[in-house]
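Residue numbers (the numbering used here): 292 to 664.
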């Protein structure tokens with residue numbers, strides 16, 4: 292919630308002041324962790340704002356469905372401007388950090404956090420290094436989010452993987468054989484690849500935490516980039532370069548564009564804190580409302596089997612599809628009829644309708660049920 296984010300940021304600020312007072316350029320682990328998660332909060336804040344606005348203005352529903360692409364475009368513009376101007380991402384610049392290229396086992400890498408580095412200005416990022424940073428900071432997170440959504444859609448969710456239903460779901464009938472095989476290979480391999488990436492990332496984080504590594508993440512290590520605090524000469528150079536001559540109309544236009552981008556970056560960072568506060572406030576409101584006694588509405592009429600549909604079994608604990616005792620029950624959202632999760636997932640994925648009422652249904656309409664023993 293909002294309090295947890297505030298505590299993390301306050302602790303990171305305390306670590307920064309402690310280290311900065313000693314003249315160190317090496318950011319603390321908590322600074323790196325906090326700046327890394329600022330962008331993740333921005334994505335959630337944008338999605339939340341679009342969802343809320345779409346409820347009042349239905350014309351925005353199409354835009355809300357493309358929130359990932361909108362965030363990709365905005366994120367790319369902001370990061371490109373920040374890398375060119377500050378040699379740092381938006382979040383890194385917000386925390387007074389910058390990126391510097393250092394080859395492995397070089398003297399520059401050994402001395403990058405030393406006191407002598409505090410007195411000189413490091414080299415600016417090249418175009419190739421900025422493009423690689425954009426790929427790692429903007430492109431890879433977008434691809435990962437899309438792959439996560441694809442896996443979640445076709446695997447049936449975390450509950451299905453936990454309870455083992457995924458092994459019973461066959462290849463979708465509306466795909467070709469090659470497409471179905473490729474999808475099954477993806478569903479099997481992707482969790483392993485994601486877990487391996489998380490383990491490698493955790494290893495780099497722990498190594499940075501104990502001081503045995505200079506790279507916070509594997510992506511920084513691949514790019515041969517080190518994140519450190521901005522030195523005083525670099526800060527003065529940034530301020531000097533922030534005020535270009537206004538001798539031409541083009542220069543004035545560039546100044547206006549740069550100021551607009553800077554304002555958007557500030558608004559996005561402030562929006563993170565506003566989003567976290569709203570999230571915490573609404574959670575407390577929902578908790579208070581849940582404690583109030585509210586009379587539940589009467590249940591709807593039970594579903595009736597359509598002509599040509601599967602007939603309901605005599606026993607309420609029997610799955611209408613496999614005619615056996617239900618395993619991991621799940622309800623079809625359009626009718627409310629309960630089936631085995633694997634049975635209804637396979638049927639709806641192939642036929643896009645409820646097997647009993649024949650009403651149109653998608654796999655996203657399937658709801659897992661958790662029965663007490």
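We treat Cβ as the ideally placed atom computed from N, Cα and C, and that holds for glycine.
When the Cα atoms are used, residue 514 and residue 445 turn out to be separated by approximately 34 angstroms. Following the DSSP letters along the chain, one finds residue 518 in no alpha helix (DSSP H) but inside the beta strand (DSSP E) bounded by residues 516 to 520. The Cβ neighbour count for residue 521, taken over all protein chains shown within 10 Å, is at least 16; the residue is labelled buried.
For residue 620, the enclosing beta strand (DSSP E) stretches over residues 620 to 623. Secondary structure of residue 475 (DSSP, three-state): helix.
Secondary structure of residue 602 (DSSP, three-state): coil.
The beta carbon of residue 381 is closer than 7 angstroms to those of 369, 370, 373 and 556 in its chain, skipping five residues each way along the sequence. Annotation for residue 419: no residue places its beta carbon closer than 7 angstroms to its own, counting only its chain and skipping 5 residues before and after. It is roughly 7 angstroms from the alpha-carbon of residue 507 to the alpha-carbon of residue 323. Inside the stretch 487 to 514, DSSP marks whole alpha helix (DSSP H) runs of 4 or more residues at positions 509 to 514, from first to last along the chain. Boundaries of the beta strand (DSSP E) around residue 629: 629 to 631. Contact between the stretch 599 to 608 and the stretch 652 to 662 is absent: fewer than 3 CB-CB pairs across the two stretches fall below 8 angstroms.
For residue 389, the enclosing beta strand (DSSP E) stretches over residues 388 to 392.
Its Cα nearest to that of residue 391, the residue 379 stands out among 379, 384 and 385. In this structure, DSSP gives residue 365 a helical state, which the three-state scheme calls helix.
Residue 346 is not a Cβ neighbour of residue 362, given a cutoff of 8 angstroms. In this structure, the alpha-carbon of residue 651 lies about 47 angstroms from that of residue 494. The DSSP-derived three-state label of residue 616 is strand. Going by C-alpha positions, residue 590 is about 33 angstroms away from residue 353. Counting other Cβ atoms within 10 Å of its Cβ, residue 424 reaches 16 or more and is therefore classed as buried. Its Cα nearest to that of residue 432, the residue 359 stands out among 359, 477, 344 and 502. Spatial neighbours of residue 505 in its own chain (CB-CB distance under 6 angstroms, excluding positions within 5 residues in sequence) are listed in chain order as 517.
Measuring C-alpha to C-alpha distances from residue 395 to each of 349, 511 and 653 identifies 511 as the nearest.
For residue 601, the CB contacts under 8 angstroms within the same chain, skipping 5 residues up- and downstream, are 611, 612, 646 and 647 in chain order. Excluding the 5 residues flanking it on each side, residue 341 has same chain C-beta neighbours closer than 7 angstroms at 351, 354, 355 and 358, in chain order.
Rounded to whole angstroms, the separation of the alpha carbons of residue 319 and residue 631 is 50 angstroms. Secondary structure at residue 357: coil, using DSSP grouped into helix, strand and coil. Annotated three-state conformation of residue 435 is helix, per DSSP. Pairing residue 429 with residue 367 gives a Cβ-Cβ distance under 8 angstroms. Per DSSP, reduced to three states, the secondary structure at residue 609 is strand. Counting only the Cα atoms, residue 598 lies some 42 angstroms from residue 339.
Between residue 628 and the set 334, 426, 525 and 594, the nearest pair of CA atoms involves 594. Out of 426, 525 and 475, the CA that lies nearest to the CA of residue 441 is found in 475. Separation of residue 500 and residue 616 (C-alpha to C-alpha, rounded to the nearest whole angstrom) is 52 angstroms.
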